[in-house]
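Undergrad: Got a structure for you, questions after.
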Amino acid sequence: MILSIVVGGCKKDTDEILDKPADERLSDALTNYQTVLAQAPGWKLFVYPSGLQSQDVEVGGLTYYVRFSDANRATMVSDFTVDMATVPKESGYRLKAVQRPSLIFDTYSYIHVAADPDPDVSSSPTPQPGFGWGTDFDFSFTETEVTDTIRLKGNFNNSDAFLIKVTKEEIDAAFSGAMANILNITSTYASTTPFIVLPGTGNEKINVAFDLSLYIISFSYIDGSGNIITINAPFSHTINGLHLKSPVSVGGFTFQDIYWDATNLYYYILQGSTKVPLTTPASPASPGSGSTG
233 MILSIVVGGC
243 KKDTDEILDK
253 PADERLSDAL
263 TNYQTVLAQA
273 PGWKLFVYPS
283 GLQSQDVEVG
293 GLTYYVRFSD
303 ANRATMVSDF
313 TVDMATVPKE
323 SGYRLKAVQR
333 PSLIFDTYSY
343 IHVAADPDPD
353 VSSSPTPQPG
363 FGWGTDFDFS
373 FTETEVTDTI
383 RLKGNFNNSD
393 AFLIKVTKEE
403 IDAAFSGAMA
413 NILNITSTYA
423 STTPFIVLPG
433 TGNEKINVAF
443 DLSLYIISFS
453 YIDGSGNIIT
463 INAPFSHTIN
473 GLHLKSPVSV
483 GGFTFQDIYW
493 DATNLYYYIL
503 QGSTKVPLTT
513 PASPASPGSG
523 STG
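Under my numbering, the first residue of the sequence shown is numbered 233, with each subsequent residue one higher.
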């Protein structure tokens, strides 16, 4: 009798939690995702490809500014090339239950180019065909709660991805050439500036280097024991500058974005509301310039 009461009580609690059949709960989740995606002015989709790890190739990130419609159409620009950043392209998307609720870009779009197995199309950084950039074009939602930041996981290459809601002003600017503009700025800045230095809080100097072929930014310095320390950070572009996959701690600062100052023509990080400009000296930071962390 006691056992039946306990089991009956557990069943009642479970029934109250799972008050709908699994198929219906899944349908509700997909509808919720669809509503949230389509009602927002736009989204930044950051994708960090993982499929080239087997080739010992590390690549940075890719950015897509995307508008989703209720009619399962997506319009996007991308920082993969200047052309893709200049001309918005429309394609199809759908939400579907694979193993988990998934966002699938189901007609060829800018997000497919980096995944194209033809290296002449994808400009793959690995010499073997069939890899592209090791990225994805369909993603699982990894969290049931829908917020202004949605975490995703690539269904094929397990790429990490994030959807971040943006304002109408930001998406309009991205579709009106701001994305292409920041690509050109970064390319010119990296190619015409021999030495870039981040001044640390203790007068230490951190050398900064861009690898625009792989979208990796490096911070290097000599620590107190005389060891060369290098931090490689995957990055991609936003209309305001560069976004790192994860926050970086170096020189007494912790930051995840590097912004472009269009008036003074330099990149900078923010510490609170204070700008810390990257400097462009005539020579790289001296090995004896100090330690950082």
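Using N, Cα and C, we set each Cβ at its ideal position, and we do this for glycine too. Since the model is a prediction, treat every value here as computed from it, not as a measurement.
(1) What is the DSSP secondary structure of R257, counted as helix, strand or coil?
(2) Looking only at C-alpha atoms, which of N390, I463, K397 sits nearest to G483?
(3) Are the stretch 259-277 and the stretch 297-316 touching by the rule of at least three beta carbon pairs closer than 8 Å?
(4) Following the continuous beta strand (DSSP E) through V314, name the residue where it begins and the one where it ends.
(5) Here's the rule I'm using: 16 or more other beta-carbon atoms within 10 Å means buried, otherwise exposed. How should K528 be labelled?
(6) Quick one: does the C-beta of M411 sit closer than 7 Å to a heavy atom of the ligand HEM?
(7) If you scan the stretch 428-463 from start to end, which runs of the beta strand (DSSP E) of 3 or more residues do you find wholly inside it?
(8) Out of N413, F442, R332, point me to the one whose CA is closest to L258's CA.
(9) Please check the pair P281 and G366, which I expect to be a contact at CB under 8 Å, by giving their CB distance rounded to whole angstroms.
(10) Leaving out five residues before and five after I449 in sequence, what residues of the same chain have Cβ atoms less than 6 Å from its Cβ?
(11) To the nearest angstrom, report how far apart A393 and T424 are at their CA atoms.
(12) Are there 16 or more other CB atoms within 10 angstroms of the CB of I490, so buried, or fewer, so exposed?
(13) Looking at the unbroken alpha helix (DSSP H) that takes in L415, where does it start and where does it end?
(14) Check S408 in the structure and name its three-state DSSP category.
(15) Could you round the C-beta distance between N276 and V398 to whole angstroms and report it? I think they count as a contact, below 8 Å.
TA: In terms of the structure at hand:
(1) Of the three classes helix, strand and coil, the one that applies to R257 here is helix, per DSSP.
(2) When each option's Cα is compared against that of G483, the closest is I463.
(3) In short, these stretches touch, since the Cβ pair count reaches three.
(4) No beta strand (DSSP E) holds V314; the alpha helix (DSSP H) holding it covers 314-318.
(5) In the structure as shown, the chain starts at 233 and stops at 525, and residue 528 therefore has no counterpart that could be examined.
(6) Annotation note on the ligand HEM: not contained in the displayed structure, which lists no ligands.
(7) DSSP runs (the beta strand (DSSP E)) wholly in the stretch 428-463: 428-431, 437-443, 448-454.
(8) Of the candidates N413, F442, R332, the one whose C-alpha sits nearest the C-alpha of L258 is R332.
(9) P281 to G366, Cβ: 4 Å. Contact.
(10) Non-local C-beta neighbours of I449 in its own chain, meaning closer than 6 Å and more than five positions away in sequence, comprise F442, A465, F467, ordered along the chain.
(11) Whole-angstrom Cα-Cα distance: 32 Å.
(12) That one is buried.
(13) 411-424 is the extent of the alpha helix (DSSP H) around L415.
(14) Helix at S408.
(15) Here residue 276 is Lys; the residue named in the question, Asn, does not match the sequence. Between V398 and K276 the Cβ distance is about 6 Å, and since that is below 8 Å, they are a contact.
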